[in-house]
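Chains as they are written, first to last, in the working numbering: chain A, 1 to 134; chain B, 1001 to 1134; chain C, 2001 to 2134; chain D, 3001 to 3134. Since the structure comes first, as structure tokens, the remarks are kept for the end.
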């Protein structure tokens, strides 16, 4: 399936006194985009939790910070499903600067399905597996 | 009872590209200090939640930002109980710069006790009321 | 001039383990909305800083937290200019739940113009004063 | 040189509505610890910036999230210098739960020295290279 793209604006809260976006904030941008990616496929995570007893947690991240974003920059965050397994997804995500098209950072992120109460691993509900692969 | 003081260091994550601590972050510093104030009185909030079905939420804040803090500054955050009511506390909190002793911001904060599941107001458990007034 | 409204979605990063939006995060939502309010009037704050040596800082906030927002909620944040002075603005801002129209919090916020290097107060550039009153 | 350890307490602001610490927050904990590691070696980063025109930025992170931390947990964050190069450091960092000694997450992090104004790579000042290897 095609990549999913989501626009994010940099506000003061995202920056630090180095004058650029604080490094861990890019992970927040990527998580917002995963939420919108699932929503776009028809999956609301509060409903997934209630109806399927399924929440997603981040298990592993490899991220390269290539060029800094700054206050007021308009960014495009993309999500690409690299591999869907029984109990986890492997995604690649990247952030580009909207105006210049420069790549600011890229990451490979492993997301796992767990039960909300115990955080024990669980199979990804079939409906979601089918949805993300479509 | 005497004021409670708690030291907080400013890290990069707390600052913004204006070069100073991001304004809402001072509220986080104040909340950390309220947590340590309660801990110092013998109250762990995770235990209060489990045993007493009581969590505290912020109902109202009046805060003046007087002078900015910067990266690496050592701060002292103080908490003073102004008034304890049946279901809420009124606290005054302030933040000073440790080295210069300058007042950076001061706030009056109303905290209410609520049930964790419904967020409905509830009486503050007697043990806590007694403890904070001691 | 009419109120300015801006939609904001609640993500995981905005919530805390109480199950609701962390209290200081509403201030971040309000600041994003002030940035968009100025942008909507034609003022980009990075340009204001460069060309006019003017940045805006928060001097005082009075905020009431009325009802909590939760993960995935769609919110509308509004900004209303109550008074424009030589060196500061007084704004009222509120946050409502988009679906239910319930008022979640409301605030009165004083914003001051300062020089970026010294944080000393300065007059608000005429162009901006005219713009926000239009 | 021996590992550097730094204690960090989990506050409400660090958690999300899943009931655990929000994933990117562990990176903030690690960055606080790197700041304290450098301070412990005698290097204040605001002084490094002024005197040496040197700031450190994160270039790459590989992080595994093994077990979640929760509100009120006391954590120990450790920093180990794996390799010091001309213009960058390779560090391994881990977070353990103080009471249970369980490993919560571990990361390999590449930090690069850059000029504060241009963010161009630069050699790490000799004094710092010597200090961190000692």
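Glycine included, every Cβ here is placed at the ideal spot set by N, Cα and C.
(request) Measure the alpha-carbon distance for residue 1010/B versus residue 3028/D and round it to whole angstroms. (result) 12 Å
(request) At 4 residues or longer, and completely inside the stretch 3038–3093 of chain D: list those alpha helix (DSSP H) runs for me, N to C. (result) 3045–3052
(request) Specify, as a first and last residue, the run of the alpha helix (DSSP H) that residue 1126/B falls within. (result) 1126–1133
(message) At a CB distance below 7 Å, what residues from the stretch 1088–1119 of chain B approach chain A? Give them in sequence order.
(response) none
(request) Grab me the residues of residue 2062/C's own chain with a C-beta within less than 6 Å of its C-beta, minus the 5 sequence neighbours each way, in chain order. (result) 2108
(request) Have a look at 58/A, 30/A, 5/A, 97/A and flag the residue whose alpha-carbon is nearest the alpha-carbon of residue 3018/D. (result) 58/A
(request) May I have the straight-line CA-CA distance separating residue 3021/D from residue 3067/D, to the nearest angstrom? (result) 10 Å
(request) Kindly list, in the order they appear in chain A, the residues whose Cβ is closer than 8 Å to that of residue 3018/D. (result) 55, 57, 116
(message) Taking 8 Å as the threshold (beta carbon to beta carbon), is residue 1011/B in contact with chain D?
(response) yes
(message) Taking 8 Å as the limit between beta carbons, can you name the residues of its chain near residue 3006/D, skipping five residues before and five after?
(response) 3032, 3033, 3036, 3037, 3076, 3077, 3078, 3079
(message) Just checking: is the beta-carbon of residue 2006/C within a distance shorter than 8 Å of some beta-carbon in chain A?
(response) no
(request) Determine the contact status of residue 89/A and residue 40/A, defining contact as a CB-CB distance below 8 Å. (result) no
(message) List, in chain order, every chain C residue whose beta-carbon is nearer than 8 Å to that of residue 3022/D.
(response) 2012, 2013
(request) Using a cut-off of 8 Å between C-beta atoms, extract the partners of residue 2072/C located in chain B. (result) Ordered by position in chain B, no residue passes the 8 Å Cβ test against residue 2072/C, which lies about 17 Å from the chain.
(request) Please classify residue 3110/D: is it buried, with 16 or more other beta-carbons within 10 angstroms of its beta-carbon, or exposed? (result) buried
(request) Establish whether the CB of residue 2121/C and some CB of chain B are separated by less than 8 Å. (result) no
(message) Among the candidates 2129/C, 2084/C, 2118/C, 2073/C, whose CA atom is the shortest distance from the CA of residue 2102/C?
(response) 2073/C
(message) Within 8 Å of any Cβ in chain B, is that where the Cβ of residue 2036/C sits?
(response) no
(request) Would you verify that the beta carbon of residue 2064/C is, or is not, closer than 8 Å to some beta carbon of chain A? (result) no
(request) Mark residue 3025/D as exposed unless 16 or more other C-beta atoms lie within 10 angstroms of its C-beta, in which case mark it buried. (result) buried
(request) Sort 96/A, 98/A, 87/A by Cα distance to residue 120/A and report the nearest one. (result) 87/A
(message) Counting only beta-carbon separations shorter than 8 Å, does residue 3124/D have a partner in chain A?
(response) no
(request) Flag residue 50/A as yes if its beta-carbon sits less than 8 Å from any beta-carbon of chain C, otherwise no. (result) no
(request) Would you kindly check if the distance between the Cβ of residue 1134/B and the Cβ of residue 1124/B is under 8 Å? (result) no
(request) Go ahead and pull the three-state DSSP assignment for residue 1101/B. (result) coil
(request) Please confirm whether residue 91/A and residue 81/A have their CB atoms less than 8 Å apart. (result) yes
(request) Return the bridge partner residues of residue 120/A from the DSSP annotation. (result) For residue 120/A, which the question treats as bridged, DSSP gives no partner whatsoever.
(request) Under 7 Å Cβ to Cβ from residue 3071/D, same chain only, skipping five residues before and after it: list those, please. (result) 3010, 3012, 3015
(message) DSSP has residue 1108/B in a bridge; who is on the other side?
(response) 1062/B, 1092/B
(message) Residues of chain D with CB closer than 7 Å to the CB of residue 1032/B, please, in chain order.
(response) 3011
(request) Kindly list, in the order they appear in chain C, the residues whose Cβ is closer than 8 Å to that of residue 1027/B. (result) 2023, 2024, 2027
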